[in-house]
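S.K.:
Protein chains: 4
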Amino acid sequence: MTAAPLVPHEPARAAEPGQATSLPTLSQLNTASAADFMARLATVWEHAPWVAQACVAQRPFDSVDALHRAMLGHVRSLPEPELLALLAGHPDLAGAAARSGHMAPDSVAEQSALSLDQLDADDAARWDHLNTAYRARFGFPFILCVKRHSRISALRCFEARLQNDRSSELQAALDEITRITRLRLADRIANHGLSGLSGRLSTHVLDVSRGRPAAGLHLSLHECPRADGPADERPLARAVTDAQGQTPAPLIDGVPLRIGRYELRFRIGDYYRDLGQVSSDWPFLDVVPVAFGIDEPEADYHVPLTITPWAFSTYRGQ
Amino acid sequence: MTAAPLVPHEPARAAEPGQATSLPTLSQLNTASAADFMARLATVWEHAPWVAQACVAQRPFDSVDALHRAMLGHVRSLPEPELLALLAGHPDLAGAAARSGHMAPDSVAEQSALSLDQLDADDAARWDHLNTAYRARFGFPFILCVKRHSRISALRCFEARLQNDRSSELQAALDEITRITRLRLADRIANHGLSGLSGRLSTHVLDVSRGRPAAGLHLSLHECPRADGPADERPLARAVTDAQGQTPAPLIDGVPLRIGRYELRFRIGDYYRDLGQVSSDWPFLDVVPVAFGIDEPEADYHVPLTITPWAFSTYRGQ
Amino acid sequence: MTAAPLVPHEPARAAEPGQATSLPTLSQLNTASAADFMARLATVWEHAPWVAQACVAQRPFDSVDALHRAMLGHVRSLPEPELLALLAGHPDLAGAAARSGHMAPDSVAEQSALSLDQLDADDAARWDHLNTAYRARFGFPFILCVKRHSRISALRCFEARLQNDRSSELQAALDEITRITRLRLADRIANHGLSGLSGRLSTHVLDVSRGRPAAGLHLSLHECPRADGPADERPLARAVTDAQGQTPAPLIDGVPLRIGRYELRFRIGDYYRDLGQVSSDWPFLDVVPVAFGIDEPEADYHVPLTITPWAFSTYRGQ
Amino acid sequence: MTAAPLVPHEPARAAEPGQATSLPTLSQLNTASAADFMARLATVWEHAPWVAQACVAQRPFDSVDALHRAMLGHVRSLPEPELLALLAGHPDLAGAAARSGHMAPDSVAEQSALSLDQLDADDAARWDHLNTAYRARFGFPFILCVKRHSRISALRCFEARLQNDRSSELQAALDEITRITRLRLADRIANHGLSGLSGRLSTHVLDVSRGRPAAGLHLSLHECPRADGPADERPLARAVTDAQGQTPAPLIDGVPLRIGRYELRFRIGDYYRDLGQVSSDWPFLDVVPVAFGIDEPEADYHVPLTITPWAFSTYRGQ
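Chains as they are written, first to last, in my numbering: chain A, 290 to 607; chain B, 290 to 607; chain C, 290 to 607; chain D, 290 to 607.
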């Protein structure tokens, strides 16, 4: 039995829209012409190429972290009216800009991963209502690093943040922009060396009726679109365990884990049927769902399973 | 926190259609007039009142089991043509009789519990096809004790039995009628003393992060309408655990367990939120589904759960 | 395979030394002559028959609890010098009185269960030292309800209480005497109705490789004489699990559980060898020890075990 | 909290008695003088330097495996009388030679690891009896690769093999010599590349009450000198878990695991006391023993533990 190819949780880190696929290193950027530097980094800050521009003369940078800190320094030193103008450059989440095509290419890619561009009329109205209420209350758009969120967690977060006071929200907006721009730098610079950007989800199946790894067991990972409802039938990933009871690769790796609710489904019935340990049409354990939440996008989640034909056990491991 | 009333898996054993609710005891039936005896038992064998009639003169019976054995003796001694006529008296499952209202009241009640009278056009066509194929192959209708089945297991069983040879199916039909008629006797006689008619499903939740029963934990039981799909959102039963971590009553009791696939959902996130052990919007464990199959309708299924905020474990216990 | 008879943790509640085995009920004591009342209850309070005497005229009592409260009332209203005299009537634990035979019969029976009368010279010296130090510090002997203690927990408790201040120790001594005298009343009165006097220890073994109770599994219960050392090889109890995976009776019942450390040993290797699931001379699991502490003498301790030939799991259940 | 240094299960692979510590590589042996080759390898076969001698002219060898196969070829082609002479060159286990100092240095080192040279009079008599009976029955001494055995498993194996027929024992003796000589080659040649010579024992502790590895937990590994008795109080190894819940190194590695019975002791009470989750003097879980058998000396044994203050679970993992 061989492993099915792992369906990635999302496309491998894509090349920038409209750019060549080969990324420059930091040392190349340090010595590049101002024009080349800007060609690569102008869009890191949404509709604010001046942030990259202000860094040109500060080169060289020791690390991508140092470059990011320099960018952040320019932003933080802005007087409030100009800071608000910078925030205002961000598109509404699932807003009219997204639906009409007037959004920066990075934001297009980021929002589309949550299908925020494909809402039905009711949901679109709900987002529009939130966007309107938020702008009315705070005077700038709701900003969220959507790569760390599922659609439902983005929505919950939006509703919660709408209750904050203005100064908390100003800080929250800057925190989210910090995350967004760090991820964008990581997408634009080879060997970026930035840490704390991505999480990992993995599993491991032990057959404790036989004292060995469960090899050849099929499993799939699903997202739960609602906080308290069934998982999406389309899997985010599929895999078959190897001789060590592990999947050939983590189920999610190299990207932030989207905050939300997930379900792993382990085909235990088929596994024991193949071994001749189970024959019933309705075995006690067949497709075993393990539902769990993720709220630390940059953490390791290891969700191992120990099984017999009649029992299973799971925990958050590491 | 108090337990919500347990929603029963199916209506409490109903009185016979058209009869008074008070059931006679065996000793009353032993001494009743032939007419009263027949009024109670004529319909135990579908469209075959002669089976009860043949037992009138054999009274008294020591036990309901003895009465049933006497009935069965009359049926088994039939020459094959008359046996086939008796089988032919049974309605098709989900067949035209069910849909046109020409079915014995017991069969109506039994089939309706699976909603076999409410199939959509596609499913009705599938059942019609199976009924037609089965009659064509064996010369008698497909007979199944539907009280032991969910709709999906009835369908699977139908498809499997269609592959048998005629002599196996004749035996299978008699076995099912034996089950059907024992259950019908149990429905008509007070203190019937018949055993092996019903199963039980129960659960028990231990909080092993605190070394004590998990009290006040909400849970629900759901049926999975397909062999490999999500559970029905409407619960078969709801309960809240008591101080011993148990539900006030078994989740199913006093009836056969319907063969099929089920899901228990334990609201672990709420439980630990109430205790202050969990605060995240997306706790690792929130609503925890435990999916399991049942293939022994008359057995005890105990499905205990041990929990912490980060781990759970389950097994078929007893 | 049948269960070996359960070896009791301690002799069944013995008749009073020097008394007939048939105990009077409270209503018999309520109407008995003063002499008969005293014959039964004079020794409940060590060397203080006046406590029972003071209750004679207060009869009738509604409950044994009411009788005990009356006794306690007399003791609590004593001026301190007389209270100290009453405390002084108690023997040293493992002291010279125990070793020379000058101790009230109840105390003899209670101390001998911990073999405090059979210490070797070193241990005797250690107890003598503690007794001397305690009397020197507080002016009365160390009082402990030894039925709730193992030898090691009694010793630890002694060392800890020696650090208390005098007023705490006076209270502690009264608390212990309250426990001692309640247990003595329970030993002298039939159907006493006192609650909270005893605990229970039980186990249950589930074979999760087969989804059923582990029947016919041999196990034994051992006390650990030291806090951090091996268990005593002589078992307190032996049992064989029945068809439900339980022992025919709780391992300890009807008496306080002695505070301390215990070990259950489950002969899992033999169990799976009998089933043909294990053949090695050195199976992964053979005799499986489960060590646990008890610090609530009046509580239920349920220590279930789930097993496969390659895994086991246990928890404090109920 | 830092890890105590790991006490090795046995001395690091020692230099040959009387030799320099730096081992030659195979390619050095391939080109060495015959005298140097013999100086290194003459004693691989007990009292049979001719085996190495016969290989001198066959050089060069591609691998240590090839060298071993060549040696084995010479032995297997011996006529039976000479083969028996070679077997006869092996010392009795725990025999007179061991006790009188007439044993080859390798055998001295191997037997002393089981303390077979330090038996008390009763045990020595038992081994002498077995050695005498074995020689009388088969005409050659009992040969066992003692590096794969604990004293008790060696004894059990001896008693079992005494029941075999002569031809099985001749084969068994050759199999054991094959193991012994492969291990001796591995001790004499740098970068030997031989596989299947050693096993590994490791553990891992997860705190499932907190959803993270149990760091700073003290544990020790003990051997059980009898098949059904307590573990030896002196540990084979001690360790403290690191931030990943693992020990800094496997508990045993790089040598065969000795067949027998072991006990891991996990100081769970101290771990939770340090965290403030447990305060009782007699916590439910304090020092938790996990006893297990090893019968595959060259296998990986991973014995993980999941814990809460009230529950634990273990299994043979990998």
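Glycine included, every Cβ here is placed at the ideal spot set by N, Cα and C.
#1: What are the complete alpha helix (DSSP H) segments, minimum 4 residues, inside the segment 417-474 of chain B?
#2: Checking 8 Å against the spacing of the C-beta atoms, do Arg489/A and Asp589/A come in under that value?
#3: Span of the beta strand (DSSP E) holding Ile583/D?
#4: Residues of chain C with CB closer than 7 Å to the CB of Val497/B, please, in chain order.
#5: If you run the structure through DSSP and keep just helix, strand and coil, what is Phe555/A?
#6: Quick check: what's the CA-CA separation for Gln452/D versus Ser602/B?
#7: Could you name the residues of chain A that Phe573/C contacts, counting a contact when the two beta carbons are closer than 9 Å?
#8: For Gly485/A, does the count of other Cβ atoms within 10 angstroms reach 16, so buried, or fall short, so exposed?
#9: Nearest by alpha-carbon distance to Ser457/B: which of Arg426/B, Ala393/B, Arg477/B is it?
#10: Report the partner residues of Leu495/C according to the DSSP bridge assignment.
#11: Do Gly558/B and Val579/B count as a contact pair if the criterion is CB distance below 8 Å?
#12: Could you have a look at Leu312/B and say whether DSSP puts it in helix, strand or coil?
#13: Looking only at its chain, what residues have a beta carbon closer than 6 Å to the beta carbon of Trp599/C, apart from the 5 residues adjacent to it on each side?
#14: Can you find a CB in chain A that lies within less than 8 Å of the CB of Asp570/B?
#15: Identify which residue in Ala410/D, Leu472/D, Ser442/D, Arg455/D has its Cα closest to the Cα of Pro430/D.
#16: Please determine if the segment 468-475 of chain A and the segment 318-337 of chain A are in contact, where contact requires at least 3 C-beta pairs separated by less than 8 Å.
#17: In the DSSP output, what is Glu512/C paired with across the bridge?
#18: Going by DSSP, which residues form a beta bridge with Gln535/A?
#19: Strictly below 7 Å CB to CB, what residues from chain A border Thr595/D?
#20: Could you check if Ser509/D is buried or exposed, using at least 16 other CB atoms within 10 Å of its CB as the buried criterion?
#21: Out of curiosity, what's the CA-to-CA distance linking Asp409/D and Ala385/D?
#22: Are the CB atoms of Pro524/D and His511/D nearer to each other than 8 Å?
#23: Going by the DSSP bridge assignment, what does Tyr604/C pair with across the sheet?
#24: Between Arg450/A and chain B, is any beta-carbon pair separated by less than 8 Å?
#25: Under the DSSP definition of a beta bridge, which residues are partnered with Ile541/D?
#26: Cutting at 6 Å between CB atoms, please list the residues of its own chain near Leu506/D, excluding the five before and the five after it.
#27: Report buried or exposed for Glu552/A, applying the criterion of at least 16 other Cβ atoms within 10 angstroms of its Cβ.
#28: With a cut-off of 8 Å, does the C-beta of Gln535/A fall near any C-beta of chain D?
#29: Locate the beta strand (DSSP E) running through Val529/A, then write down its first and last residues.
#30: Could you tell me which chain B residues have their CB closer than 9 Å to the CB of Gly549/A, listed as they occur along the chain?
#31: Assuming Leu405/D and Arg440/D are in contact, meaning their beta carbons sit under 8 Å apart, how far apart are those beta carbons, in whole angstroms?
#32: Over what stretch of residues does the alpha helix (DSSP H) that includes Glu587/C continue unbroken?
#33: Using a Cβ cut-off of 8 Å, pull out every chain C residue sitting near Gln607/B, in sequence order please.
#34: Rounded to a whole number of angstroms, what is the C-alpha to C-alpha distance between Ser487/D and Ile541/D?
#35: What are the partner residues of Ala479/B, as DSSP defines its beta bridges?
#36: Using the beta-carbon count (16 or more within 10 Å), is Asp464/A buried or exposed?
M.R.: In short, the structure shows the following:
#1: 440-450
#2: yes
#3: 576-583
#4: Tyr604
#5: strand
#6: 46 Å
#7: Gly500
#8: exposed
#9: Arg426/B
#10: Pro502/C, Thr595/C
#11: no
#12: coil
#13: Phe573
#14: yes
#15: Arg455/D
#16: yes
#17: Tyr551/C
#18: His493/A
#19: Tyr604
#20: buried
#21: 13 Å
#22: yes
#23: Ala600/D
#24: no
#25: Leu490/D
#26: Val494, Thr530, Tyr560
#27: buried
#28: no
#29: 526-529
#30: Trp571
#31: 7 Å
#32: Neither: Glu587/C is in no alpha helix (DSSP H) and is coded neither H nor E.
#33: Leu495, Arg501, Pro502, Gln533, Gly534
#34: 9 Å
#35: Thr314/B
#36: exposed
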